[in-house]
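One structure below.
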Ligand SMILES: [Zn+2]
Ligand SMILES: [Zn+2]
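Chains as they are written, first to last, in the UniProt record's numbering: chain C, 1 to 204; chain W, 1 to 204.
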């Protein structure tokens, strides 16, 4: 329930509404942030405005992995030392980072930027799974490593991927279930992740 | 603990850092918000950037009440129907809104934009109490109504104000303690606030 701020300046209302649009920010937080910025951190407000503009104008999805980059290919995809025969599919850049931090994977990635979630109306189509398939069928990739989270939605996502690759000439593996069921990948320590990568098993 | 994102585009890191600077936003939320904006809500990112810029450039503190306004005087301060003999001191615009919503106050306001908090190093000086005093001594104000929260910090703030006005020729009152102790003003229903205004008692 939001009280009616009839006397609030329109520019303040606009700012609060645009903050409220952010995920996880309710009306109270939005208002608190807006007041804080205007009263105590004008510089922070300007910096945020400018970094938003720069990010929107310059960042795009990497043609190789779908991650964020300023160029056509990101830092990892353009690294000639990476093993192009391995393609690891993750849900988010944060999950990708967890894998990188384990220092036990030298292949490439594909970032779904989400997970299948029937309740939210997010299916393979919304996540553009056809692009994952195109990417994996570049004639170089020999193995797809599915590294979605071991949550209900992560499992559903994995199953869709397994089905999609089932009749393709590509080895499909999945991280070993060494991580506790029901947990998010990004919260797992890197040692466990390294172990799960090593013990990955073929599923398709 | 934040993992090292060595391969993250600098513009993304900048955006995440500027989001992390917002009150109540940790590194995980900042990253989640940044990814969401870039992947799913570019328009929201642009709107936020532009509303931040407009707010920073056009909003200022009202010369009358210290609230936010696009003009020298805000909507309330420039309303000739308000009773200029009453000055109600509140901590935040949200508290002011709570009082306005009770439809039982027709005087003017002064918004401290904070509260005395020794632990955070915020005292009368940081809140520019001298400006409250100047404002109240305009020769028109006859009564100052202290409407700080009934929390420990709100009580401390009230006491500083009471002391400041103690030897001045201005009646000083406080909202009746009709509201439960330990609660924030902004969470109180308007009926209780109306009653507390009516029952306000002189304290200085
Ligand atoms: Zn890439
Ligand atoms: Zn004003």
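From the three backbone atoms N, C-alpha and C, an ideal C-beta is built for every residue, glycine too.
- For residue 73 of chain C, the CB falls within less than 7 Å of some heavy atom of ligand 1.
- Straight across, the Cα-Cα distance linking residue 50 of chain W with residue 58 of chain W is about 12 Å.
- A heavy atom of ligand 1 is found nearer than 7 Å to the CB of residue 69 of chain C.
- Taking a 10 Å sphere around the C-beta of residue 78 of chain W, we find fewer than 16 other C-beta atoms and assign the residue as exposed.
- The beta carbon of residue 45 of chain W falls within 8 Å of a beta carbon belonging to chain C, placing the residue at that interface.
- Residue 175 of chain W is a Cβ neighbour of residue 147 of chain W, given a cutoff of 8 Å.
- Using a Cβ-Cβ cut-off of 8 Å, residue 56 of chain C counts as an interface residue toward chain W, since at least one Cβ of chain W sits closer than that to its own.
- In this structure, residue 165 of chain W sits away from residue 129 of chain W, with a CB-CB distance that is not shorter than 8 Å.
- With a threshold of 8 Å between beta carbons, residue 100 of chain W makes contact with chain C.
- For residue 27 of chain W, the enclosing alpha helix (DSSP H) has its first and last residue at 27-40.
- In this structure, DSSP gives residue 138 of chain W a state outside helix and strand, which the three-state scheme calls coil.
- Residue 164 of chain W is outside the set of residues whose beta carbon lies under 8 Å from a beta carbon in chain C.
- The region 72-90 of chain C makes no contact with the region 32-39 of chain W, as fewer than three CB pairs between them are under 8 Å.
- In the three-state DSSP reduction, residue 20 of chain W falls in the helix class (H, G or I).
- Taking 8 Å as the CB threshold, residue 104 of chain C stays off the interface with chain W.
- Looking only at W/92, W/119, W/87, the smallest Cα-Cα distance to residue 105 of chain W is reached by W/87.
- Residue state for residue 154 of chain C is assigned as helix, using DSSP reduced to three classes.
- For residue 143 of chain W, the uninterrupted beta strand (DSSP E) segment begins and ends at 143-146.
- Bounds of the alpha helix (DSSP H) holding residue 95 of chain W are 93-101.
- Distances from the CA of residue 116 of chain W to each of W/186, W/15, W/158, W/188 were compared; the closest alpha carbon is that of W/158.
- Here DSSP, grouped into helix, strand and coil, assigns residue 125 of chain C to coil.
- Under a criterion of Cβ atoms nearer than 8 Å, the residues of chain C adjacent to residue 42 of chain W are, in order, 56.
- When DSSP reads this structure, residue 53 of chain C sits in no beta bridge, so it has no partner.
- At a cut-off of 8 Å between beta carbons, residue 24 of chain C contacts chain W.
- Distance from the CA atom of residue 47 of chain C to the CA atom of residue 32 of chain W, rounded to whole angstroms, is 19 Å.
- By the C-beta density criterion, residue 114 of chain W is buried, having at least 16 other C-beta atoms within 10 angstroms.
- Within chain C, the residues whose beta carbon sits less than 9 Å from that of residue 53 of chain W are 45, 46, 49, 50, 53, listed in sequence order.
- Secondary structure note for residue 88 of chain W: its beta strand (DSSP E) is the uninterrupted segment 83-90.
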